[in-house]
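The structure under discussion appears below in the form of structure tokens.
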């Protein structure tokens, strides 16, 4: 029987509530990792769409390597929310992005799920504090924010609300790691969490450019896949920028490009680059570099770009390092 | 002799003025593509640093495939700007990001370079209109903005200023393509061009988060490399987001996430998602999709993520699709 004490490593039964692109992606991920999955979605054609999504994802998941016993047969689509979570050891909610709807759904899940079972929401940006207000036992409600598709993109951002028990947050982070995800556990709530705030800033700037006729959708996409995107697949924007400072690293980069923070290069106003921020960024880069010298990071970046170009067919196909201008 | 009529395909001699991280990266790229390169930089230890940069890049360039006859021996570091460009068939300026300095340098390059030779600036964001004001023949001055490192990242953004001859802009775009770059030619000046506006928005949001203690440098980097960055290496943010709309594509995504543009997910205010912008984004995605169905794009994205995870050592190393939580 399920008990509040089921260890993250011992979980076998997962419930996925909401089976759209994200919820269905979670279903595919948990199935590939060998879990028994019960899914519920109110849409009339939900099961058909869900199984089509899982079937479409399965070849990729098979190539990545299925867990022992992983099978699409372990998916059960049930007619009610209550049946989905009745014997669940973990619940992932992936309903549409509507605060009232999520608030209501999380309350119903809390009422129906076994005591102690952690319930996570895939919300793209609502703070759990705002979603857990009507639940009877808000302590077990956490945010577990994935990226599309959840069955391939490792990142899950985990953060609790004001009423969330720290143990529930820690349990969720550990469970996701056991389930093969790469977890960032936030100690405070920020709308949009981390990655969505970053990609939302980029997305909004892109929409401004399209609205003003400054760039086309294709130019925006090409500018990323032929440019910064090649680096971001394996080295984040902070360390990447540090390498623009040459042998001087981030400190030299900030000395050189700090003034451009005043330039109208985006509609987003920059913070004041005072000594405290300057020092935080430089010190943070040292932590992120984790002992790697600038020269070592440059070699790592160079090899990474070559590997990514080759892996995505843009090196061998065109030769001479010329990218496929798609 | 050099003449205004040297075709982009016929260029053999390139001058690189400014030999820091970007200028030096250009030198490495042009050498790898088989050009004769003359470089000049006023710094006392410039040649030593430049040759060290080229030596560090050479293994990567060799792995990517050198052009016939490519050799580090084709690099000549000269003591004056005039000697660097005296017989150049193309000039790439990569001086520090200082408007007055670039204005003065471009004027001197224009005075010293053979008639008709196109002179490109690596500026990260200054409009050429502002840089060409003091040059005798501003018509041949264009922006050719690369990404770090120029010898590996394919993208070059090309745009002219108000006084730039359209033929010079077209010549530069064609030359960069011949030289193995992936070119986006802009028909209007926008500060920061395209990719820098996008990554600057992300960078500024990251700085705000660090300044507010909302995330560490490492969390910001990890949130990208374990999340959106894996997709951006081969599929841009627009098409990627279109896939969040499921079988409904971008139209459904905008219907679903449009409201979040009002959410405080980033400090960057979003434009009004009116019908015109909505239609532009949806139509632009159709163009970018270039006939690929949503199902085909999903399969392409999935394979791309797997290829990138494997290429960057995060699939085989950890198995079961678990990413290396770096």
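Residue numbers (our numbering), protein chains in the order written: chain A, 23 to 348; chain B, 23 to 348.
Positions of the beta carbon are idealized from the N, C-alpha and C atoms, including for glycine.
No experiment lies behind these values; they were computed from the predicted model shown.
Distance check for residue j and residue i, CA to CA, integer angstroms please.
| i | j | result |
| --- | --- | --- |
| residue 121 of chain B | residue 148 of chain B | 7 Å |
| residue 33 of chain B | residue 110 of chain B | 9 Å |
| residue 70 of chain A | residue 127 of chain A | 22 Å |
| residue 276 of chain A | residue 323 of chain A | 20 Å |
| residue 77 of chain A | residue 93 of chain A | 11 Å |
| residue 57 of chain A | residue 321 of chain B | 24 Å |
| residue 51 of chain B | residue 245 of chain B | 31 Å |
| residue 64 of chain A | residue 268 of chain B | 17 Å |
| residue 36 of chain A | residue 255 of chain A | 30 Å |
| residue 189 of chain A | residue 68 of chain B | 56 Å |
| residue 45 of chain B | residue 89 of chain B | 20 Å |
| residue 247 of chain B | residue 59 of chain B | 35 Å |
| residue 316 of chain A | residue 270 of chain A | 8 Å |
| residue 155 of chain B | residue 193 of chain B | 21 Å |
| residue 203 of chain A | residue 249 of chain B | 11 Å |
| residue 197 of chain A | residue 282 of chain B | 29 Å |
| residue 97 of chain B | residue 41 of chain B | 12 Å |
On the DSSP letters alone, give me the boundaries of the alpha helix (DSSP H) that residue i sits inside.
| i | result |
| --- | --- |
| residue 191 of chain A | 188-200 |
| residue 308 of chain A | 297-311 |
| residue 333 of chain B | 316-333 |
| residue 62 of chain A | Run containing residue 62 of chain A: none in the alpha helix (DSSP H); it sits in the beta strand (DSSP E), 58-62. |
| residue 49 of chain A | 43-54 |
| residue 75 of chain A | 68-86 |
| residue 245 of chain B | 239-247 |
| residue 105 of chain A | 103-107 |
| residue 259 of chain B | 259-264 |
| residue 142 of chain B | Looking at the DSSP string, residue 142 of chain B is not in any alpha helix (DSSP H); the run it does join, the beta strand (DSSP E), is 141-143. |
So which residues on chain E does residue i lean against when the C-beta distance must stay under 8 Å?
| i | result |
| --- | --- |
| residue 229 of chain A | Within the model displayed, chain E is absent; protein chains A and B are what it includes. |
Check whether the Cβ atoms of residue i and residue j sit closer than 8 Å, and answer yes or no.
| i | j | result |
| --- | --- | --- |
| residue 166 of chain B | residue 221 of chain B | no |
| residue 164 of chain B | residue 178 of chain B | no |
| residue 223 of chain A | residue 295 of chain A | no |
| residue 62 of chain B | residue 106 of chain B | yes |
| residue 328 of chain A | residue 319 of chain A | no |
| residue 257 of chain B | residue 307 of chain B | no |
| residue 356 of chain A | residue 225 of chain B | Because chain A spans 23 through 348 in this model, residue 356 of chain A falls outside it and cannot be assessed. |
| residue 266 of chain A | residue 170 of chain B | yes |
| residue 99 of chain A | residue 72 of chain A | yes |
| residue 102 of chain A | residue 150 of chain A | no |
| residue 309 of chain A | residue 239 of chain B | yes |
| residue 141 of chain B | residue 162 of chain B | yes |
| residue 116 of chain B | residue 39 of chain B | yes |
| residue 133 of chain A | residue 158 of chain A | yes |
Any idea if residue i is buried or exposed, counting beta-carbon neighbours within 10 angstroms, 16 or more meaning buried?
| i | result |
| --- | --- |
| residue 313 of chain A | exposed |
| residue 241 of chain A | buried |
| residue 29 of chain B | exposed |
| residue 288 of chain A | buried |
| residue 218 of chain A | buried |
| residue 311 of chain A | buried |
| residue 124 of chain B | buried |
| residue 210 of chain A | exposed |
| residue 243 of chain A | buried |
| residue 118 of chain A | exposed |
| residue 339 of chain B | Unreliable positioning characterises residue 339 of chain B in this predicted model, as indicated by a pLDDT of 42, which lies under 50. A coordinate reading is not provided. |
| residue 191 of chain B | buried |
| residue 31 of chain A | exposed |
| residue 301 of chain B | exposed |
| residue 251 of chain A | buried |
If I follow the unbroken beta strand (DSSP E) through residue i, where does it start and stop?
| i | result |
| --- | --- |
| residue 206 of chain A | 204-207 |
| residue 293 of chain A | Careful: residue 293 of chain A lies outside any beta strand (DSSP E) and carries neither H nor E. |
| residue 129 of chain A | Per DSSP, residue 129 of chain A belongs to no beta strand (DSSP E); it is in the alpha helix (DSSP H), 121-134. |
| residue 232 of chain A | Element bounds for residue 232 of chain A: not the beta strand (DSSP E) but the alpha helix (DSSP H), 217-233. |
| residue 91 of chain A | From DSSP, residue 91 of chain A is part of no beta strand (DSSP E); its letter is neither H nor E. |
| residue 163 of chain A | 163-168 |
| residue 137 of chain A | Neither: residue 137 of chain A is in no beta strand (DSSP E) and is coded neither H nor E. |
| residue 35 of chain B | 35-39 |
| residue 182 of chain B | 177-182 |
| residue 112 of chain A | 112-115 |
Is residue i near the ligand GDP, in the sense that its beta carbon is under 7 Å from a heavy atom of that ligand?
| i | result |
| --- | --- |
| residue 91 of chain A | Ligands in the displayed structure: none, and consequently the ligand GDP is not present. |
When you check each C-beta in the region 122-156 of chain B against every C-beta of chain A, which residues fall closer than 8 Å? 146, 147
Taking Cβ-Cβ distances below 9 Å as the criterion, which residues of the region 209-234 of chain B are in contact with chain A? 210, 212, 213, 214, 215, 216, 217, 218, 219, 220, 221, 222, 223, 224, 225, 226, 227, 228, 229, 230, 231, 232, 233, 234
Would you list, in chain order, the members of the region 235-256 of chain A that have their beta-carbon closer than 9 Å to a beta-carbon of chain B? 235, 236, 237, 238, 239, 240, 241, 242, 243, 244, 245, 246, 247, 248, 249, 250, 251, 252, 253, 254, 255, 256
When Cβ atoms are compared, which residues of the region 310-329 of chain B fall closer than 9 Å to chain A? 310, 312, 317, 320, 321, 323, 324, 325, 326, 327, 328, 329
Under 7 Å (Cβ pairs) to chain B, residues found in the region 31-50 of chain A: 42, 43
Contacting positions in the region 93-107 of chain B - beta carbon closer than 7 Å to chain A: none
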